[in-house]
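S.K.: Okay, handing you the structure first.
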Amino acid sequence: MPKITYIEHTGKSHIVEVATELTVMEGAVQNNIPGIDADCGGACACATCHVYVGPEWINKLPKIESAEEDMLDVAFEPNKFSRLGCQITITDDLDGLVVKMPSKQA
Amino acid sequence: MIKTDVLVIGAGPVGIFVVQQLGLIGLKAEVVDNLDKIGGQCIELYPDKPIYDIPALPECTGESLTDSLLEQIKPFKTNFHLNERVQEISKENNTWKIQTSGKKTFIAPNIIIAAGVGSFEPRKFQIKDVEKFESKGIFYSIKDKNFFKNKKVCIFGGGDSALDWAIELSKFADITLIHRRNEFRGAEHSATIARQLEKEGKLKIKTPFQISSIEGDTKVTGITIKKDDGKLEKIATDCVLGFFGLIMKLGPIAEWGLNLDNKTIPVNTENFQTNKEGIFAIGDICTYPGKLKLILSGFHEGALAARACFKLARPNEKYRFEFTTTSKTLQGRLGIKKSD
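Chains as they are written, first to last, in our numbering: chain A, 1 to 106; chain R, 1001 to 1340.
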């Protein structure tokens, strides 16, 4: 299974294996990793699974869709590495993906 | 003061349906919701998104589901208290006293919390000292547009609220519209009007910028905004408006002495009562082994909680299980007159 690294805003990192087909958000929630709230449960409707994707990974992800970009408008401190965890589906190509959580989700 | 059998907190699908279950067994309910409309997440987050897993409805939308549920509770003539958040609860003589943000008081032996992920509140600016200016130069909604007449106003956001207010207020105020990217997500038509007004010099647009700091002593005198590349820019302003949509917050529910498990309320699955007698939790906000956050689960949870409410609301009566297909009493409550 692909290994995903989640880094809390404090710098504490969690390396977990996440099954393909799950999302970055689900990988965090199922492993009780703090920093991802996922209030709406993955409907791309709340922007509380906001992550900063490691710069080396940002171009390897599927292109951002407008619904996700719209939700990022209301995320906490978005930047050019911002994505919503619920919109990134894990594939074997994403083995080693690093995401960092913002200091808060809302 | 309003006396009722059950106070329902939350007017989402589960909160609406429990009113029907309560009404059928002869209990009166009042519903409080912090939003300005009925429907909860269904209306606020995904009114147009199709839902495919409501029993017997192959496909519906958040909006159509809400409308159908409201139709179903029509016979019970229920009061909805919108724009009201339940603030405090206290127990007096075996009954709950409930107070809302709008200073309404309810007396009820039962409270059903069907509050989803909590109440919807405006998402706020996340910068230093922003709280001290709130309602004193920094706003997240507009009550009276005339307040802004001839003032310098900075509006943040890229959705319909930001665009619509920028266009409207530009008629009589000095407006700067600021957004974190070049595209606006609000209606294309509105974005076109805003760009046109910018060309005519009636409105300033700054993109891609985000707020960096607020300046002022007792009142706001200006702000600093930051471009993508880190470049800073200062703008003199009297007011700052933020339209960043709504977030869900558990809010005062956390202060009521209920057991909590990661923003949800543990209940027993026999009657969905919390650790406090007479307080029940149903829908997304409750948790128990095997909990599924589905609307259909919330309907079942409400049916059981309603029966438990009966015991506390009618301590001297015996609850009788009946079917709507055959019971004259239930049909009477539904306002159905049968000729047979």
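Where is the CB? At the ideal position from N, CA and C, for every residue including glycine. Just so you know, these numbers come straight off a predicted model, no measurement behind them.
Does DSSP classify N1110 of chain R as helix, strand or coil?
M.R.: When secondary structure is reduced to three states using DSSP, N1110 of chain R falls in the strand class.
S.K.: For S1135 of chain R, which three-state DSSP category applies?
M.R.: coil
S.K.: Is the shortest distance between the beta-carbon of L1045 of chain R and the beta-carbons of chain A less than 8 Å?
M.R.: yes
S.K.: Please list the partners that F1244 of chain R has in chain A, where partner means a Cβ-to-Cβ separation under 8 Å.
M.R.: D73 and V74, listed in chain order.
S.K.: I want to know whether the region 1322-1338 of chain R touches the region 1022-1039 of chain R - three or more CB-CB distances under 8 Å.
M.R.: yes
S.K.: Please classify I1282 of chain R as buried or exposed, where buried requires at least 16 other C-beta atoms within 10 Å of its C-beta.
M.R.: buried
S.K.: Figure out for me which residue from R:S1141, R:K1199 and R:I1009 has the closest Cα to the Cα of S1161 of chain R.
M.R.: R:S1141
S.K.: Closest Cβ-Cβ distance between G1158 of chain R and chain A: below 8 Å?
M.R.: yes
S.K.: List the whole-angstrom C-beta distance separating P2 of chain A from E17 of chain A, where the pair is believed to meet the contact cut-off of C-beta under 8 Å.
M.R.: The distance from the Cβ of P2 of chain A to that of E17 of chain A is about 7 Å, consistent with a contact at the 8 Å cut-off.
S.K.: Could you list the residues in the region 1287-1299 of chain R with a C-beta less than 8 Å from some C-beta on chain A, going in chain order?
M.R.: K1293
S.K.: So, for V1018 of chain R: in the same chain, excluding its five sequence neighbours on each side, which residues have a beta-carbon less than 7 Å away from its beta-carbon?
M.R.: V1008, I1112, A1114, I1282, G1302, A1305 and A1306
S.K.: Which residue from R:L1035, R:A1029 and R:G1012 puts its Cα closest to that of C1359 of chain R?
M.R.: No information on residue 1359 of chain R is available, as it lies outside the stretch 1001 to 1340 that chain R covers here.
S.K.: May I have the straight-line CA-CA distance separating C49 of chain A from T1324 of chain R, to the nearest angstrom?
M.R.: 44 Å
S.K.: Quick check on I1247 of chain R - is its C-beta less than 8 Å from some C-beta in chain A?
M.R.: yes
S.K.: Taking a contact to mean a Cβ-Cβ separation below 8 Å, would you say I1155 of chain R touches L1069 of chain R in this structure?
M.R.: no
S.K.: Which parts of the region 1230-1317 of chain R are runs of the alpha helix (DSSP H), unbroken and 4 residues or longer, counting only runs that do not cross its ends?
M.R.: 1295-1313
S.K.: What does a CB cutoff of less than 6 Å around G1335 of chain R pick up in its chain, not counting 5 residues either side in sequence?
M.R.: P1075
S.K.: To the nearest angstrom, report how far apart W1165 of chain R and P1252 of chain R are at their CA atoms.
M.R.: 31 Å
S.K.: With a threshold of 7 Å on Cβ separation, who are the neighbours of G1157 of chain R within its own chain once the five nearest residues in sequence on each side are excluded?
M.R.: H1179, G1242, F1243 and F1244
S.K.: Can you tell me which of the three DSSP states H1189 of chain R falls into?
M.R.: helix
S.K.: For the 8 Å Cβ check, are there 3 or more pairs between the region 1308-1325 of chain R and the region 1104-1111 of chain R?
M.R.: The region 1308-1325 of chain R vs the region 1104-1111 of chain R: in contact.
S.K.: Could you tell me which of A:Q87, A:T10, A:C86 and A:F81 sits nearest to E56 of chain A, measuring between CA atoms?
M.R.: A:F81
S.K.: Chain A partners of R1123 of chain R, CB-CB under 7 Å?
M.R.: V74 and A106
S.K.: Where does the unbroken alpha helix (DSSP H) through L1022 of chain R begin, and where does it stop?
M.R.: Membership of L1022 of chain R in the alpha helix (DSSP H) is indicated by the continuous run P1013 to L1024.
S.K.: Return the residue from the list A:Q30, A:I88 and A:Y52 that minimises the CA-CA distance to E65 of chain A.
M.R.: A:I88
S.K.: Kindly confirm or deny that the region 1167-1181 of chain R and the region 1189-1206 of chain R touch, where touching means at least three C-beta pairs closer than 8 Å.
M.R.: yes
S.K.: Of all the options A:A47, A:L61 and A:N31, which has the alpha carbon lying nearest to the alpha carbon of T91 of chain A?
M.R.: A:L61
S.K.: Check for me: the alpha helix (DSSP H) holding I36 of chain A runs from which residue to which?
M.R.: Annotation for I36 of chain A: no alpha helix (DSSP H) segment contains it, and DSSP assigns it neither H nor E.
S.K.: Assuming V99 of chain A and Y6 of chain A form a contact by the criterion Cβ under 8 Å, report the distance between their Cβ atoms to the nearest whole angstrom.
M.R.: That pair is a contact at about 6 Å.
S.K.: So with Cβ pairs under 8 Å, would you call E86 of chain A a contact of chain R?
M.R.: Before going further, note that residue 86 of chain A is Cys rather than Glu in the sequence given. With 8 Å as the cut-off, C86 of chain A does not count as an interface residue toward chain R.
S.K.: Measuring alpha carbon to alpha carbon, tell me which residue in R:K1206, R:K1318 and R:E1200 is nearest R1181 of chain R.
M.R.: Nearest of R:K1206, R:K1318 and R:E1200 to R1181 of chain R, Cα basis: R:K1206.
S.K.: Consult DSSP for Q1072 of chain R and reduce its assignment to one of helix, strand or coil.
M.R.: helix
S.K.: Is the number of C-beta pairs between the region 1226-1241 of chain R and the region 1138-1153 of chain R that are closer than 8 Å three or more?
M.R.: yes
S.K.: Could you tell me the alpha carbon to alpha carbon distance between T1218 of chain R and A1173 of chain R, rounded to whole angstroms?
M.R.: 22 Å
S.K.: With distances taken Cα to Cα, identify the nearest neighbour of G42 of chain A among A:L84, A:Y52 and A:K104.
M.R.: A:L84
S.K.: With a threshold of 16 other CB atoms inside 10 Å of the CB of K1052 of chain R, please say whether the residue is buried or exposed.
M.R.: The displayed chain sequence assigns Tyr, not Lys, to residue 1052 of chain R. That one is exposed.
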